[in-house]
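The sequence shown lines up with residues 11 to 167 when you count with this note's numbering.
Yeah, the Cβ is synthetic: ideal placement off N, Cα and C, and Gly gets one too.
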Amino acid sequence: MTQVSYVTQETFDEMQKELQRMKAVDRLAVSKAIAEAREKGDLKENAEYDAAKEAQGILEAKIKQLEGTIANSKIIDTSMLDTSRVSILTHVTVTNLKTNKQLTYQIVSEKEADLKMKKISATSPVGAGLLGKEVGEIAEINAPAGLLKFRVEKISV
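Pasting the structure below:
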């Protein structure tokens, strides 16, 4: 079963640029490395050749995976998002009821998730637990660290 990735236009464009770079630049570099290793003689005992072929396999797998992600991506127009409930690509400010600390996260697809940038995946325990919540609601989330309780304070684009 393929999983739909909800992304912004910016992320979609970045994925396409990365795919183009891998196909045009990285493939050429790997091909050159294979050709150079092949020129060095016996392929049975040529570690450079083996490494270049392995790099080629890894690159082709990454290309295939990215092509699949792009094919299954749905671009979301953030100006059309409903901010009455937490949904993909919304920013949500929550209060951790245990520590009384306020945090703001953006709910994103797995491809865009980056905790340093305060972007959490909609499939993560916290992201999934917040989806669909409204301002004032409390989300009880079973996480590896135990039961977390967050009160939704604000939802924005």
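N-terminal and C-terminal residue of the alpha helix (DSSP H) that residue i is part of
i: residue 111; result: Element bounds for residue 111: not the alpha helix (DSSP H) but the beta strand (DSSP E), 111-118.
i: residue 15; result: First-last for residue 15: 15-17, but that is the beta strand (DSSP E), not the alpha helix (DSSP H).
i: residue 69; result: 57-81
i: residue 153; result: Unbroken run through residue 153 is the beta strand (DSSP E), 148-153; no alpha helix (DSSP H).
i: residue 129; result: Residue 129 -> not in any alpha helix (DSSP H); beta strand (DSSP E) instead, spanning 129-131.
i: residue 48; result: 37-49
i: residue 138; result: 135-140
Exposure label - residue i; buried when at least 16 CB within 10 Å
i: residue 131; result: buried
i: residue 55; result: exposed
i: residue 15; result: buried
i: residue 109; result: exposed
i: residue 21; result: buried
i: residue 25; result: buried
i: residue 85; result: exposed
i: residue 100; result: buried
i: residue 4; result: Here the chain has residues from 11 to 167 only, and residue 4 is not among them.
i: residue 114; result: exposed
Start-to-end residues for the beta strand (DSSP E) that takes in residue i
i: residue 103; result: 101-106
i: residue 166; result: 156-166
Pick from the options that is closest to residue i, judged by C-alpha positions
i: residue 135; options: 126, 127, 120; result: 120
i: residue 98; options: 105, 108, 87; result: 87
i: residue 167; options: 105, 129, 151; result: 129
Proximity below 8 Å, CB of residue i to CB of residue j
i: residue 117; j: residue 137; result: yes
i: residue 162; j: residue 102; result: yes
i: residue 159; j: residue 150; result: yes
i: residue 75; j: residue 40; result: no
Validate contact between the region 126-144 and the region 47-67 using beta carbons, cut 8 Å, 3 pairs:
no
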